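Enquirer: One structure follows; several queries about it will come next.
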Amino acid sequence: MAKVIQTDEKRRSGRTIVRVIRYVAIVIILAVFLFPVVFIFGGSFKTQSEFYDVAPSLFPKEPTLGNYISAFGGEKTGTTTGFTAKGRLTKGIKDSLLISVVVTMLTMAIAIPASYSLARYKPGGDQISFFILSILFLPPVIGVLPLFFIFKTVGILDTYWVLFISHLFFDLPFCIWITKGFFEDIPLELEQAVMVDGFSRFRVFFKIAVPLAKSGIAVASLFAFIFSWNELMFSSIFTRSNVQTLPLVLQDYIGSAGISWGELLAVASIAAIPGILLAIFMQRYIVRGLTFGAVKG
Amino acid sequence: MANNQGSSTDGLLVLRGIHKKFGKVEALRDLNLVARKGEILAILGPSGAGKTTTLKIIAGLEVPLSGEVVFNRRVINRLEPKDRNMSMVFETYALYPHISVYDNLASSLSALKLQKSLIKEKVERIAGLLGIAAFLDRKPANLSGGQRQRVALGRAMIKPADLYLMDEPIAHLDAKLRHRMIGEFKHLQESLELSTVYVTHDWQEAISLGNHIVILNKGRVEQYGSKEEIYEKPKNTFIAKLIGDPPMNLIPGTVVKKAGRSFFSVDGIDLGIPGNVAEGSAVLGVRPYNLKLVSGPSKEAVKTEIYSFERYGMNTVISIKIGEGTYKVKLDGMHRFTIGETVQVRFNLENSYIFDDKGDLITILGKANG
């Protein structure tokens, strides 16, 4: 009997050790991933002088909204330096929003029918869909030079069109790939049932395929939006002054006369909001299972 | 046509020489069948026989490699499913998961662009008939298996179609509900003279519903006929095994002649067979109710041991061993036995069957050859 109790205790203490190790690991991993986020948000409320403290702190000692106000071109609050011209941030947000929304709509308008067709009719066998995916393997920088000359010839450099087209180029393969998987998951017999009910193949697409793949479509749209929102390389090469996306504005805070840390972090915080919203939305939409109940149980 | 399904012109639907392949697998091989107007044609066969593929070819959901689908005297091989005016129950139900039961039922009527009030009336009528009126606003995921199957049946029956295609529509219901549904379906079908092609793996369903039955095996038609023909004159051992519960006993042995009389010889036992049958190896087919237990000494009886026994409703089925094989005897009423008990079994070979060693029917015993 005594032996039994002893082994029970041993097992219990073993379990406790495993649990402690697990929590320590989780804390370390979270610390690594969350540090930049906390640093950015915390820093955005600091005064400029606080950035030069010898013992740097994560959180501001005297929290101030001054960085946000001056970033939007408001009155300087004395401690911040204000590197950028008035209204640049507002234009950055406006341009980024416009480009992200239009690119997302264009991408999905092409990706949804394209991925459905790839999933159901397999044009070109398996090769075409793999070819589309393989564009993702290329580093985007490879496309920059040829695209630059094409856009220059066409005469659309430094216009919205140049970003609509270049973002679309890299958004499409990814979004096609995501939505294709969701279309493939829809039982074929559901679509066949709609056809027998008297609907055309075209109506089947809208009546069954799109509603049942809507979580995939939502996820792909959010990715497309975030890609455009964060994109820096194309914007910095293909545009100059006419179009100013948020990442470009952000870059300007690192100037030759120094870095306006407070404003930089305030703008970075604003720029991060869509990404955080994405993470929250994704959890809700990424759960599949819409087709549950369609087949016999 | 090998299966004597009548001339092609009197059928509502005629399949002629249909071939279908999935990759390298031959799903259908030279399939011919005729479905008549106002009748139920039951397609019976084991899984993998090509039953569902046949239905999908009729519905236009699969395209045959070769052959013709003739519907209302028109070749419709290339006609889109929506233009065929057929209706179908899928074995997987295929209910639309994102819309309510009401909208599932109304789907085909909205394709016909009927008035909303008329659709409502029709949906409520069929829902009442199938006992699903209480669930009209639920999504399919919130229904039980039996309820889903009834919705699937309702969705097909509501459409005013020229031909109804049913793929195992009641296979997943419990026995009680199945009997009710067979009754309901038969009532609907006969009162409205609905033309139906009904796929099932259950011979009893095929016999109770089908006006004609076509038996499929490995993508080929094994036999076509009325339910009586299929039961009384199975063309081969495959059909003999498929029809009947418990299935027909198939006993391999040899036909020998002694003193001018034919005997079926198995494991040293000679069973006298009526009529004149050519000598050679053969298979004796005898239905379980044609084997009787006898008490007291009998010349014709075979002495054997009880291998197992089970109740079959109000009847008893015992298994006996002859040679290597185990065979079934069906007795009226409930009886008790002990395993290993010695019994005497008398073979009533009238209306029994002799098949050749390839399994094709040679003759029905005690009947004129034919």
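Chains as they are written, first to last, in the numbering used here: chain A, 913 to 1209; chain B, 50 to 419. Each residue gets a CB set at the ideal place from its N, CA and C atoms; glycine is no exception. Small disclaimer: the values here were computed from a predicted structure and weren't measured.
Output the residue ranges of the alpha helix (DSSP H) runs that lie fully inside the segment 157 to 244 of chain B and measure 4 residues or longer, sorted by chain position.
Expert: Complete alpha helix (DSSP H) runs here, min 4: 165 to 179, 194 to 206 and 224 to 241.
Enquirer: So with Cβ pairs under 8 Å, would you call Leu160 of chain B a contact of chain A?
Expert: Working through the second sequence from its first residue, we reach residue 160 of chain B at position 111. Reading off the sequence shown, one finds Ala at residue 160 of chain B, where the question assumed Leu. Chain A contact via Cβ: present.
Enquirer: Does the Cβ-Cβ distance between Gly382 of chain B and Glu354 of chain B come in under 8 Å?
Expert: Working through the second sequence from its first residue, we reach residue 382 of chain B at position 333. Working through the second sequence from its first residue, we reach residue 354 of chain B at position 305. Contact flag unset, no.
Enquirer: Measuring alpha carbon to alpha carbon, tell me which residue in A:Leu1158, A:Ile1129, A:Pro1099 and A:Leu1010 is nearest Ser1181 of chain A.
Expert: The residue labelled residue 1181 of chain A in the question sits at position 269 within the first sequence. The shortest C-alpha separation from Ser1181 of chain A is found at A:Leu1158.
Enquirer: Apart from the five residues just before and just after Arg78 of chain B, which ones in its own chain have a Cβ nearer than 7 Å to its Cβ?
Expert: Numbered from 1 along the second sequence, position 29 holds the residue referred to as residue 78 of chain B. If we look at Arg78 of chain B and ignore the five residues flanking it on each side, its Cβ neighbours are His68, Gly268 and Arg269.
Enquirer: Taking 8 Å as the CB-CB cut-off, is Ser136 of chain B touching chain A?
Expert: Position 87 of the second sequence, counting from 1, holds the residue named residue 136 of chain B. Yes, because at least one Cβ of chain A sits closer than 8 Å to the Cβ of Ser136 of chain B.
Enquirer: Classify Ser1027 of chain A: buried if its beta carbon has 16 or more other beta carbons within 10 angstroms, exposed otherwise.
Expert: On the first sequence, residue 1027 of chain A is found 115 positions in, with the first residue counted as 1. Under this definition Ser1027 of chain A is a buried residue.
Enquirer: Counting contacts by CB-CB distance shorter than 8 Å, is Phe120 of chain B in contact with chain A?
Expert: Working through the second sequence from its first residue, we reach residue 120 of chain B at position 71. Not closer than 8 Å to any Cβ of chain A, the Cβ of Phe120 of chain B fails to qualify, so no.
Enquirer: Distance check for Ala205 of chain B and Tyr145 of chain B, CA to CA, integer angstroms please.
Expert: In the second sequence, counting from the first residue as 1, residue 145 of chain B sits at position 96. In the second sequence, counting from the first residue as 1, residue 205 of chain B sits at position 156. The straight-line gap from Cα to Cα measures roughly 13 Å.
Enquirer: Taking the CB atoms as reference points, tell me whether Val1116 of chain A and Leu1001 of chain A lie closer together than 8 Å.
Expert: Indexing the first sequence from 1 puts residue 1116 of chain A at position 204. Indexing the first sequence from 1 puts residue 1001 of chain A at position 89. No; because the gap between Cβ atoms is not below 8 Å, this pair is not in contact.
Enquirer: List the residues of chain A that Pro130 of chain B touches, going by C-beta distances under 7 Å, in chain order.
Expert: Within the second sequence, residue 130 of chain B is the residue found at index 81, counting from 1. Neighbours of Pro130 of chain B on chain A, chain order: Met1107 and Val1108.
Enquirer: Return the CA-CA distance between Arg85 of chain B and Phe1137 of chain A, expressed in angstroms with no decimal places.
Expert: Taking the first residue of the second sequence as 1, we reach residue 85 of chain B at position 36. Taking the first residue of the first sequence as 1, we reach residue 1137 of chain A at position 225. Using only the alpha carbons, I get a separation of about 58 Å.
Enquirer: Mind checking the segment 143 to 159 of chain B against chain A and listing, in chain order, the residues whose C-beta falls within less than 7 Å of any C-beta there?
Expert: Under the 7 Å Cβ criterion, the segment 143 to 159 of chain B contributes Ala143, Leu144, Tyr145, Pro146, His147, Ser156 and Ser157.
Enquirer: Would you mind telling me which residues of chain A sit closer than 8 Å to Leu110 of chain B, beta carbon to beta carbon, in chain order?
Expert: Taking the first residue of the second sequence as 1, we reach residue 110 of chain B at position 61. Result: Gln1104, Met1107 and Val1108.
Enquirer: At the level of alpha carbons, what is the spacing between Val138 of chain B and Ala176 of chain B?
Expert: By one-based count along the second sequence, residue 138 of chain B stands at place 89. By one-based count along the second sequence, residue 176 of chain B stands at place 127. Spanning the two alpha carbons is a distance of roughly 16 Å.
Enquirer: Can you tell which of B:Gly324, B:Lys131, B:Leu90 and B:Ala255 has the C-alpha that lies nearest to the C-alpha of Gly309 of chain B?
Expert: Locating residue 309 of chain B in the second sequence gives position 260, counting from the first residue. Comparing Cα-Cα distances from Gly309 of chain B to each of B:Gly324, B:Lys131, B:Leu90 and B:Ala255, the minimum goes to B:Gly324.
Enquirer: Compare the C-beta of Glu921 of chain A with all C-beta atoms of chain B and state if any pair is closer than 8 Å.
Expert: Here residue 921 of chain A refers to the residue found at position 9 of the first sequence. It does not: the Cβ of Glu921 of chain A has no partner Cβ on chain B nearer than 8 Å.
Enquirer: Reducing DSSP to helix, strand and coil, say where Phe71 of chain B ends up.
Expert: Within the second sequence, numbered from 1, the residue matching residue 71 of chain B stands at position 22. Strand.
Enquirer: Mind checking which residues open and close the alpha helix (DSSP H) that includes Arg310 of chain B?
Expert: Residue mapping note: residue 310 of chain B aligns to position 261 of the second sequence, counting from 1. Counting along the chain, Arg310 of chain B falls outside any alpha helix (DSSP H), though it belongs to the beta strand (DSSP E) covering Arg310 to Val315.
Enquirer: Who are the neighbours of Ser1127 of chain A on chain B, taking C-beta pairs under 7 Å?
Expert: The residue labelled residue 1127 of chain A in the question sits at position 215 within the first sequence. Result: empty, since nearest Cβ-Cβ is about 11 Å, beyond 7 Å.
Enquirer: How big is the Cα-Cα spacing for Asn298 of chain B and Ser344 of chain B?
Expert: Here residue 298 of chain B refers to the residue found at position 249 of the second sequence. Here residue 344 of chain B refers to the residue found at position 295 of the second sequence. Each residue's Cα considered, the two are about 22 Å apart.
Enquirer: Consider the Cβ of Thr412 of chain B: report whether some Cβ of chain A lies at a distance smaller than 8 Å.
Expert: Looking up residue 412 of chain B in the second sequence gives position 363. No, Thr412 of chain B does not count as interfacial toward chain A.
Enquirer: Report yes if the CB atom of Phe1095 of chain A is closer than 8 Å to the CB atom of Ala1125 of chain A, and no otherwise.
Expert: Numbered from its first residue, the first sequence carries residue 1095 of chain A at position 183. Numbered from its first residue, the first sequence carries residue 1125 of chain A at position 213. Taking 8 Å as the Cβ cut-off, Phe1095 of chain A and Ala1125 of chain A qualify as a contacting pair.
Enquirer: Inspect the beta-carbon positions of Ile1240 of chain A and Gly1128 of chain A and report whether they are closer than 8 Å.
Expert: Only positions 913 to 1209 of chain A appear in the structure, and residue 1240 of chain A is not among them; the question remains open.
Enquirer: Going by Cα to Cα distance, which pick from B:Gly334, B:Glu140, B:Ser96 and B:Ala182 is closest to Pro1099 of chain A?
Expert: If you number the first sequence from 1, residue 1099 of chain A lands on position 187. Checking every option, the nearest Cα to that of Pro1099 of chain A belongs to B:Glu140.
Enquirer: Would you check if there are 3 or more beta carbon pairs closer than 8 Å linking the segment 97 to 114 of chain B to the segment 146 to 162 of chain B?
Expert: No, the segment 97 to 114 of chain B does not touch the segment 146 to 162 of chain B.
Enquirer: Can you list the residues of chain E that Thr387 of chain B reaches, using a CB-CB cut of under 9 Å?
Expert: This model lacks chain E altogether, as its protein chains are A and B.
Enquirer: Among A:Pro1052, A:Leu1176 and A:Leu1075, which one has its Cα closest to the Cα of Phe1225 of chain A?
Expert: Chain A is shown only over 913 to 1209; residue 1225 of chain A falls outside these bounds and no answer can be derived.
Enquirer: Would you say Ile1011 of chain A reaches chain B, if we count a Cβ-Cβ gap shorter than 8 Å as a contact?
Expert: Residue mapping note: residue 1011 of chain A aligns to position 99 of the first sequence, counting from 1. False, the Cβ-Cβ gap to chain B never drops below 8 Å.
Enquirer: Considering Phe1135 of chain A, what are the terminal residues of the alpha helix (DSSP H) in which it resides?
Expert: Here residue 1135 of chain A refers to the residue found at position 223 when the first sequence is read from its first residue. From DSSP, the alpha helix (DSSP H) with Phe1135 of chain A extends over Lys1126 to Asn1142.
Enquirer: Measuring CB atoms only, is the segment 117 to 126 of chain B touching the segment 162 to 169 of chain B, in the sense that at least three cross pairs come out at less than 8 Å?
Expert: No, the segment 117 to 126 of chain B is not in contact with the segment 162 to 169 of chain B.
Enquirer: Contact criterion: CB-CB distance below 8 Å. Does Phe139 of chain B meet it with respect to chain A?
Expert: Here residue 139 of chain B corresponds to residue number 90 of the second sequence, with the count starting at 1. So, interface residue.
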